[in-house]
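In terms of the working numbering, the sequence shown has 211 at position 163, counting the first letter as 1, and numbering is strictly consecutive.
For glycine and all other residues, C-beta sits at the position ideal for the given N, C-alpha and C.
Reviewing the structure listed below.
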Amino acid sequence: MPGPLSQFDPIHRKDRTVPTPEFTVDPETLAEVATDPDAAAQYADQLLAQYRALGADIGEQQVLAPQLITWLRLSGQLSRAEEVARGGCARVGLPNLVENLTEHNELTALTLTQISPALRLATALQWNSEPGQEKYDCAQDLFDLCVQSAQDLAFGTPPVATGAVLLLAKALELRSKQRLGAQDIFGALRDANLSLSYRLDFHAPDDQIESTWFIVNALIGQLENRIEQRDKSIGASVETETFAAGDRSGFGAVSNAKRVGPWLFWLKTGRLKAFGEYQDDQLHGPWYWFREQGGLLQEGSFKANQQSGLWTRYYSNGNRLDQGTFDDGQKTGQWTYFNQDGSVKKTTVHKTKDPKSKSRS
Numbered sequence: 049m050p051g052p053l054s055q056f057d058p059i060h061r062k063d064r065t066v067p068t069p070e071f072t073v074d075p076e077t078l079a080e081v082a083t084d085p086d087a088a089a090q091y092a093d094q095l096l097a098q099y100r101a102l103g104a105d106i107g108e109q110q111v112l113a114p115q116l117i118t119w120l121r122l123s124g125q126l127s128r129a130e131e132v133a134r135g136g137c138a139r140v141g142l143p144n145l146v147e148n149l150t151e152h153n154e155l156t157a158l159t160l161t162q163i164s165p166a167l168r169l170a171t172a173l174q175w176n177s178e179p180g181q182e183k184y185d186c187a188q189d190l191f192d193l194c195v196q197s198a199q200d201l202a203f204g205t206p207p208v209a210t211g212a213v214l215l216l217a218k219a220l221e222l223r224s225k226q227r228l229g230a231q232d233i234f235g236a237l238r239d240a241n242l243s244l245s246y247r248l249d250f251h252a253p254d255d256q257i258e259s260t261w262f263i264v265n266a267l268i269g270q271l272e273n274r275i276e277q278r279d280k281s282i283g284a285s286v287e288t289e290t291f292a293a294g295d296r297s298g299f300g301a302v303s304n305a306k307r308v309g310p311w312l313f314w315l316k317t318g319r320l321k322a323f324g325e326y327q328d329d330q331l332h333g334p335w336y337w338f339r340e341q342g343g344l345l346q347e348g349s350f351k352a353n354q355q356s357g358l359w360t361r362y363y364s365n366g367n368r369l370d371q372g373t374f375d376d377g378q379k380t381g382q383w384t385y386f387n388q389d390g391s392v393k394k395t396t397v398h399k400t401k402d403p404k405s406k407s408r409s
């Protein structure tokens, strides 16, 4: 998927001496990789010089910042990318954003103008750290904050805010890469598929739709490879289930007539319906289901075919319908029920199961 990184050129085009380089996307890590590292470094240095020459012209710096941060990152200048991203957040009223997150200060929502700078900082933090490090955890928290803020702005009060929806799609796509880096391939596919739905439904530019399709197909390809590897490692057979018309409806491994490992399911439209993992033909671990139109229907985890832990169901607009925990297939603790605009409708407390009753049964 080669091509220039932006639809527009940086400012001061007449002063440019280095042409815009190209990049590819690694289908394994989903990271952008410069086709020519030397050209990328030269281009990043030129952008940085232009950025610094702007001095106090904050407006022009904000125009240049997205490309500058990206090419600093692509050329391996990760600390500089983070520094510029932090400066961008300071200009929109978030001077201590990282410190607020790491110190668990109350920061519950971002404004529309704050989300894009925050996403750039989250991406810079992600690539400038490793899973398990504080910066990486901070990036995860920041992606979560951006996603929830964009969700609230998009669907919180009618009518739907198209600009916020497309920003939500961007946040989901970027978070999918972070989740893949954290070895959460199901969570990554969840976010990428949801991002694709929003971009298709709200008519995002073709290059954005193409980018998200690439990520979705790359993640599906990685899961298919895992399924085929399981076939070789434990003697399982790969099964392809189909609709009457011949299109595939399911794909996964079977051992001793039982589904095992990752499984993918599709709708007749060709879009993903559900995915998750089996152990001995029983649902186990996180599972995700999608609506006919592509939006998220519900998500949660299983233990031995029983719902367990946090579960969430969604309205068609993507806002939560209800959320709470299961224990051995039974609702337990506080459950929250929401209106379609995201506001709380009511809360209900379910009694926790008596562990002695389970042992006597």
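What's the gap between the Cα of residue i and the Cα of residue j?
| i | j | result |
| --- | --- | --- |
| glutamine 162 | glycine 180 | 26 Å |
| lysine 351 | threonine 384 | 23 Å |
| leucine 173 | glutamate 131 | 10 Å |
| asparagine 440 | glycine 343 | Residue coverage of the chain in this structure runs from 49 to 409, which leaves residue 440 outside it and unanswerable. |
| serine 243 | histidine 251 | 12 Å |
| aspartate 74 | lysine 393 | 44 Å |
| leucine 414 | arginine 274 | Only positions 49 to 409 of the chain appear in the structure, and residue 414 is not among them; the question remains open. |
| aspartate 328 | glycine 283 | 14 Å |
| proline 410 | alanine 209 | Nothing about residue 410 can be read from this structure; the chain reaches only from 49 to 409. |
| glycine 229 | glutamine 382 | 32 Å |
| alanine 202 | lysine 306 | 42 Å |
| lysine 183 | asparagine 176 | 8 Å |
| glycine 309 | alanine 301 | 7 Å |
| serine 303 | serine 285 | 6 Å |
| glutamine 94 | threonine 290 | 53 Å |
| glutamine 277 | threonine 288 | 15 Å |
With DSSP collapsed to three states, give me the class of residue i.
| i | result |
| --- | --- |
| phenylalanine 291 | coil |
| histidine 384 | According to the sequence displayed, residue 384 carries threonine and not histidine. Threonine 384 falls in the strand class under three-state DSSP. |
| threonine 83 | coil |
| threonine 205 | coil |
| alanine 322 | strand |
| valine 66 | coil |
| threonine 260 | helix |
| lysine 393 | strand |
| glycine 269 | helix |
| glutamine 199 | helix |
| leucine 312 | strand |
| glutamine 94 | helix |
| glutamine 378 | strand |
| glutamine 341 | coil |
| tryptophan 327 | For clarity, residue 327 is glutamine in the given sequence; the question names tryptophan instead. In this structure, glutamine 327 counts as strand in the three-state DSSP scheme. |
Take the Cβ of residue i as the centre, count every other Cβ of all protein chains shown within 10 Å, and call the residue buried at 16 or more, exposed below.
| i | result |
| --- | --- |
| alanine 133 | buried |
| glutamate 147 | exposed |
| glycine 348 | buried |
| aspartate 295 | exposed |
| proline 253 | exposed |
| aspartate 370 | buried |
| arginine 100 | exposed |
| alanine 292 | exposed |
| glutamine 199 | buried |
| alanine 88 | buried |
| valine 264 | buried |
| threonine 118 | buried |
Could you spell out the range, first to last residue, of the alpha helix (DSSP H) harbouring residue i?
| i | result |
| --- | --- |
| threonine 400 | Here threonine 400 belongs to no alpha helix (DSSP H), and DSSP marks it neither H nor E. |
| arginine 128 | 126-139 |
| glycine 229 | 210-229 |
| leucine 173 | 160-175 |
| aspartate 249 | 233-249 |
| glycine 107 | 106-122 |
| threonine 150 | 145-150 |
I'd like to know whether the C-beta atoms of residue i and residue j end up nearer to each other than 9 Å.
| i | j | result |
| --- | --- | --- |
| alanine 157 | leucine 142 | no |
| leucine 358 | threonine 380 | no |
| leucine 312 | phenylalanine 323 | yes |
| glutamate 325 | glycine 333 | yes |
| valine 66 | glutamine 98 | no |
| arginine 121 | alanine 129 | yes |
| serine 123 | alanine 82 | yes |
| leucine 267 | isoleucine 257 | no |
| alanine 240 | leucine 216 | no |
| proline 206 | aspartate 389 | yes |
| serine 245 | leucine 237 | no |
| leucine 145 | leucine 155 | yes |
| aspartate 376 | glutamine 354 | yes |
| leucine 149 | cysteine 194 | no |
| phenylalanine 338 | lysine 321 | yes |
| tryptophan 68 | glutamate 80 | It is worth fixing the name first, because residue 68 is threonine in this sequence and not tryptophan. In this structure, glutamate 80 does not lie closer than 9 Å to threonine 68 by Cβ. |
Locate the beta strand (DSSP E) running through residue i, then write down its first and last residues.
| i | result |
| --- | --- |
| threonine 317 | From DSSP, threonine 317 is part of no beta strand (DSSP E); its letter is neither H nor E. |
| valine 347 | For clarity, residue 347 is glutamate in the given sequence; the question names valine instead. Where glutamate 347 is concerned, the enclosing beta strand (DSSP E) stretches over 344-351. |
| leucine 369 | 368-375 |
| tyrosine 362 | 354-362 |
| glutamine 330 | 330-338 |
| glycine 300 | 296-303 |
| threonine 72 | 71-73 |
Given the structure, does residue i come close to the ligand MN, in the sense that its CB is under 8 Å from one of the ligand's heavy atoms?
| i | result |
| --- | --- |
| threonine 210 | Ligands displayed in this structure: none; no statement on the ligand MN is therefore possible. |
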